[in-house]
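Take a look at the structure below.
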Ligand code: ASP
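Numbering (the working numbering), first residue to last: 453 to 1036.
As structure tokens, this is what we get:
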């Protein structure tokens, strides 16, 4: 028996007990005649004491050879500590060791295994198994497991069945590139790894499963923008005989349940906003509504006053920054520089100070009177003491830029509080999105999403205007889930593929299995998928997902611990009938 107790378990009531503990040496303090060792396992830390007067000499010697991260087993008696440590759950006691076994010696770790480590990100990733011993990482993995349990609990209670779907499949378009796997048994042919189990969950509905879920790995070969992973986890769900309203209701309850169970916070409101409104008010389809600063459009107020810059632009739009009228010239210049950086790409900012005394002062005083500026203040919801920042340009671009500024200010001014949860549904997404590169429409969600029946006629005349039965669940400025009501008849699906530029032959080759299935009694159905990594990170009060993943990949998609991806040898290439074109 390696242990009778964990290292986080013993308390003052356990005094005089004989115990056996196993774990890692966290820390050593050697005073020669007396020695203390902090012994750690997943559950906590317990102090061991070796003392010349009470500990046999050989064991004192053995103990003096211990090093950090040695794996040891000790037997001993629980005694009361002379100097107690109120910061440690086990801080009232220590173990007077009577037997010490070194189970495994350890090299000196490349960084300190402590909450505040001296190891940089790269080093920690290379030795992730050591990083995981640290509380901040360990606790995040435990937290993730807890959230997963709650997910399973809620969905099982609602009658969802967890079904696994295959990983070696044929491409499912979710807007990214596929990872592909060559098939040895089928020369020259490839599997694709699922970007999501989308088609399978729909087929499960045709199969009569009625309510499906799966916590599942998905794979997308994208350029890794900040905080994306090529393989990530979704909570994937699908339901039959449902309308959009049914899905929104059940997954509102689901989200409420998770926030309550893991954070103890009651969220009551799940406001709904159309995509068009989200773009107009926040310049963003995943607005953070924890703070105001809604956009106010000013073009009609600002035009024809002699200020050419505004006259010429499609959109003039501003936000009011609460309490910021006192910003210095230098602070405002810093914001102007911030929006002019290539990442944002704005031309500049016009500012209006709505001073505490009610007067208004702006960078465009030459063109606008105080009365004009007062109207801007009304439009942007500014009060005395606020600062109005205005941008102008092409509509979509300007909205995106002002949204970036809004979020930047939200962060800078501490308005995005991690213990506040503000979910909302964004609904009525466009069905199609124009892609400048390929000069054609793409499905904004995916090709299986149903158009709103009342918009179907627009497909031929003004495809960009067609709205979809698609929805996103947004939490604190992050899209945490997205889904849609699906097309469930062959003809509509074929029409959709046609609009997406597939020939009937291409559609049949790629998705014939789905359209065939629709001929055998497909029920109306719809679903949603949550990005599990991000959801966990947000519930944990953080925005980066990497720490919540046991073995994440870096920004180049590499696992630096196992050193993957890696070359494969000639023999393997031959077996797979593959030839590399260039020596890389
Ligand atoms: N398959 C979709 C996605 O991965 C989610 C859904 O439509 O249910 O975003």
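We put the CB at the ideal spot given by N, CA and C, even for glycine.
{"query": "Under 7 Å from any heavy atom of the ligand ASP, does the C-beta of residue 920 make it?", "result": "no"}
{"query": "Alpha carbon to alpha carbon, how far is residue 459 from residue 503?", "result": "20 Å"}
{"query": "Does the contact criterion of 3 or more C-beta pairs under 8 Å hold for the stretch 975-991 versus the stretch 946-953?", "result": "no"}
{"query": "Just checking residue 626 against the ligand ASP - is the residue's beta carbon closer than 7 Å to any of the ligand's heavy atoms?", "result": "yes"}
{"query": "Quick check: what's the CA-CA separation for residue 456 versus residue 1001?", "result": "31 Å"}
{"query": "Tell me, please, whether the stretch 473-482 touches the stretch 519-527 by the rule of three or more beta-carbon pairs shorter than 8 Å.", "result": "yes"}
{"query": "With a cut-off of 8 Å on the beta carbons, I'd call residue 545 and residue 464 a contact; round off their distance for me.", "result": "6 Å"}
{"query": "For residue 581, count neighbouring C-beta atoms within 10 Å of its own C-beta (all shown protein chains included) and say buried if the count is 16 or more, exposed if not.", "result": "exposed"}
{"query": "Compute the distance between the beta-carbons of residue 602 and residue 714, then report whether it is under 8 Å.", "result": "yes"}
{"query": "May I have the straight-line CA-CA distance separating residue 572 from residue 1013, to the nearest angstrom?", "result": "14 Å"}
{"query": "From the DSSP output, in three-state form, read off residue 820 for me.", "result": "coil"}
{"query": "Since I believe residue 775 is in contact with residue 859 (beta carbons under 8 Å), could you give me their beta-carbon distance rounded to a whole number of angstroms?", "result": "About 18 Å; that fails the 8 Å criterion."}
{"query": "Measuring only from the beta carbon, is residue 650 closer than 7 Å to any heavy atom that is part of the ligand ASP?", "result": "yes"}
{"query": "Specify the secondary structure class of residue 582 as computed by DSSP and reduced to three states.", "result": "helix"}
{"query": "In whole angstroms, what is the alpha-carbon distance linking residue 688 and residue 759?", "result": "52 Å"}
{"query": "Between the C-alpha atoms of residue 1006 and residue 681, what's the straight-line distance to the nearest angstrom?", "result": "8 Å"}
{"query": "Assign residue 806 to buried or exposed, taking buried as 16 or more other Cβ atoms, counted over all protein chains shown, within 10 Å of its Cβ.", "result": "buried"}
{"query": "Comparing alpha-carbon positions, which option in 516, 796, 513, 549 lies nearest residue 498?", "result": "549"}
{"query": "Can you list the beta strand (DSSP E) stretches of 3 or more residues lying completely in the stretch 669-698, in chain order?", "result": "683-692"}
{"query": "Could you give the C-beta distance for residue 918 and residue 899, rounded to a whole number, given that I count them as a contact under 8 Å?", "result": "Actually they do not touch by this definition, with Cβ atoms about 13 Å apart."}
{"query": "To the nearest angstrom, how far is it from the Cα of residue 861 to the Cα of residue 867?", "result": "8 Å"}
{"query": "Quick check on this structure: which residue in 591, 640, 933 has the alpha carbon closest to the alpha carbon of residue 737?", "result": "933"}
{"query": "Using only the alpha-carbon positions, how far apart do residue 624 and residue 1003 sit?", "result": "25 Å"}
{"query": "Taking the alpha carbon of residue 514 as the reference point, which residue from 482, 798, 493, 873 has its own alpha carbon closest?", "result": "482"}
{"query": "In three-state DSSP terms, what is residue 862?", "result": "helix"}
{"query": "Assign residue 556 to one of three DSSP states: helix, strand, or coil.", "result": "strand"}
{"query": "Excluding the five sequence neighbours on either side, which residues of its own chain have a C-beta within less than 8 Å of the C-beta of residue 847, listed in chain order?", "result": "766, 767"}
{"query": "Can you tell me which residues form a DSSP beta bridge with residue 1016?", "result": "1011"}
{"query": "Where does residue 779 fall in DSSP's three states?", "result": "coil"}
{"query": "Can you find at least 3 beta carbon pairs, one from the stretch 559-577 and one from the stretch 931-945, that sit closer than 8 Å?", "result": "no"}
{"query": "Around the C-beta of residue 690, are 16 or more other C-beta atoms found within 10 angstroms, so that it is buried, or is it exposed?", "result": "buried"}
{"query": "Using beta-carbon positions only, say whether residue 998 and residue 583 come within less than 8 Å of one another.", "result": "no"}
{"query": "Thinking just about the alpha-carbon of each residue, which of 1027, 1017, 990 is nearest to the one in residue 592?", "result": "990"}
{"query": "In whole angstroms, what separates the C-alpha of residue 886 from that of residue 647?", "result": "21 Å"}
{"query": "I'd like the list of long-range same chain contacts for residue 1060, defined as Cβ closer than 7 Å, with 5 residues on each side in sequence excluded.", "result": "With the chain running from 453 to 1036 in the structure shown, residue 1060 is simply not present."}
{"query": "Cβ atoms of residue 657 and residue 692: under 8 Å apart, would you say?", "result": "yes"}
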